[in-house]
Amino acid sequence: MSNSCSLKVVSLVVIYGFAIVQMTMAGDPDILTDYTVPMNATADANFFTYTGFRVLVGQSPPSTFKVLKATMGEFPALNGQSVSYAVLQFPAGSVNPPHTHPRSAELLFLLQGALQVGFVDTTNKLFTQTLRAGDLFVFPKALVHFQHNADTAKPALALSAFGSANAGTVSLPNTLFNTSIDDTVLALAFRTDVATIQILKKGFAS
Ligand SMILES: *[C@@H]1O[C@H](CO)[C@@H](O)[C@H](O)[C@H]1NC(C)=O
Ligand SMILES: *[C@@H]1O[C@H](CO)[C@@H](O)[C@H](O)[C@H]1NC(C)=O
Numbered sequence: 002m003s004n005s006c007s008l009k010v011v012s013l014v015v016i017y018g019f020a021i022v023q024m025t026m027a028g029d030p031d032i033l034t035d036y037t038v039p040m041n042a043t044a045d046a047n048f049f050t051y052t053g054f055r056v057l058v059g060q061s062p063p064s065t066f067k068v069l070k071a072t073m074g075e076f077p078a079l080n081g082q083s084v085s086y087a088v089l090q091f092p093a094g095s096v097n098p099p100h101t102h103p104r105s106a107e108l109l110f111l112l113q114g115a116l117q118v119g120f121v122d123t124t125n126k127l128f129t130q131t132l133r134a135g136d137l138f139v140f141p142k143a144l145v146h147f148q149h150n151a152d153t154a155k156p157a158l159a160l161s162a163f164g165s166a167n168a169g170t171v172s173l174p175n176t177l178f179n180t181s182i183d184d185t186v187l188a189l190a191f192r193t194d195v196a197t198i199q200i201l202k203k204g205f206a207s
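In the working numbering, the protein residues as written are 2 to 207.
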């Protein structure tokens with residue numbers, strides 16, 4: 002084998018090796034320290050404690066669907082730890098509209114009530130389920146999903162865990178109808194007319 006040929010082989014091995022490492026990296030990038038602390042903070046026990054969910058204790062359910070998050074934005078100690086939580090509160094009849102989390106799967110644990118959930122995979126196949134209190138459901142990473150409390154009387158309460166400190170949320174209604182995407186683009190995409198798109202957009206104006 003000539004020198005230039007063996008060099009090519011080595012390069013290929015390095016490139017494939019790197020690709021495999023990338024494929025098997027399921028969470029946030031690893032940090033090289035035990036934890037990360039912002040410049041203006043001190044690493045004491047309080048830094049690793051989040052009290053933002055205390056408001057839930059003994060509180061009556063909200064009147065509209067509400068998400069309470071503990072991601073690295075609210076809880077900086079999560080930065081680099083590949084975990085976060087969200088508490089989802091569903092009054093009777095409310096919906097968490099179709100959305101995706103680009104950086105993580107979501108593991109939902111239904112604590113109270115009943116919940117209709119669903120996601121659509123990349124072949125456009127819909128998976129739906131009606132959850133009872135005590136059930137867990139996983140929404141695969143980045144796929145479009147929703148939750149609906151179809152009960153007309155009882156609220157529902159769920160806790161969702163994420164494998165990223167910052168899973169991100171892309172809400173489809175908000176992304177499509179609460180930004181300045183051209184009405185003609187949306188009318189063509191949804192096989193309708195501009196007037197219909199403008200009615201949909203109006204529902205999002207504050
Ligand atoms: C540190 O700075 C960030 C960004 O300015 C701010 O949001 C946060 O409250 C500060 N934290 C502390 C402990 O002062
Ligand atoms: C529409 O977008 C604005 C600006 O980002 C936001 O404040 C508002 O809550 C959004 N409306 C709805 C209904 O989500």
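From the three backbone atoms N, C-alpha and C, an ideal C-beta is built for every residue, glycine too. Just so it is clear, the structure is predicted and the values come from calculations on it, not from any experiment.
Measuring only from the beta carbon, is residue i closer than 7 Å to any heavy atom that is part of ligand 2?
i	result
F205	yes
N208	As displayed, the chain neither begins before 2 nor continues past 207, which places residue 208 out of reach and without an answer.
N97	no
N175	yes
Just verifying my parser: in three-state terms, what is the DSSP assignment at residue i?
i	result
A1	One cannot answer for residue 1 here, as it falls past the ends of the chain, which runs 2 to 207.
T176	helix
L140	Sequence inspection shows Phe at residue 140; the Leu mentioned does not correspond to that position. Residue state, collapsed to three classes: strand.
F147	strand
M24	Low per-residue confidence applies at M24: pLDDT is 49, beneath 50, and the placement is therefore not dependable enough to give any value.
L33	coil
M2	Only weak support is given to the placement of M2: the predicted model assigns it a pLDDT of 43, under 50, and the question is left unresolved by the model.
T197	helix
F205	coil
A159	strand
Out of the options, point me to the one whose CA is closest to residue i's CA.
i	options	result
K203	N175, V88 and T101	N175
Y86	G53, N125, Q148 and S61	G53
L158	F110, T185 and P98	F110
N47	L79, T197 and D184	L79
A151	Q130, V145 and K70	Q130
H149	V195, G114, G164 and H102	G114
K70	V84, S64 and K142	V84
Q57	S95, V68 and T197	It should be noted that the sequence gives Leu, not Gln, for residue 57. Looking at the Cα atoms, V68 is the closest of the given residues.
R104	Y51, G119, A162 and V96	A162
T153	V38, S64 and G59	S64
M40	V118, P77 and A166	P77
G81	K142, L177 and G164	G164
Taking 7 Å as the cut-off, does the CB of residue i come closer than this to any heavy atom belonging to ligand 4?
i	result
L144	Ligand 4 is not among the ligands present in this structure, which contains only ligand 1 and ligand 2.
(request) Jot down the residue ranges of each uninterrupted beta strand (DSSP E) in the segment 53-129, minimum 3 residues, whole runs only, in chain order. (result) Runs of the beta strand (DSSP E) inside the segment 53-129: 67-71, 85-91, 96-101, 107-113 and 115-121.
(request) Would you be able to state if there are at least three C-beta pairs under 8 Å between the segment 134-144 and the segment 188-205? (result) Fewer than three Cβ pairs drawn from the segment 188-205 and the segment 134-144 lie within less than 8 Å of each other, which leaves the two stretches out of contact.
(request) Would you check if there are 3 or more beta carbon pairs closer than 8 Å linking the segment 88-95 to the segment 117-131? (result) no
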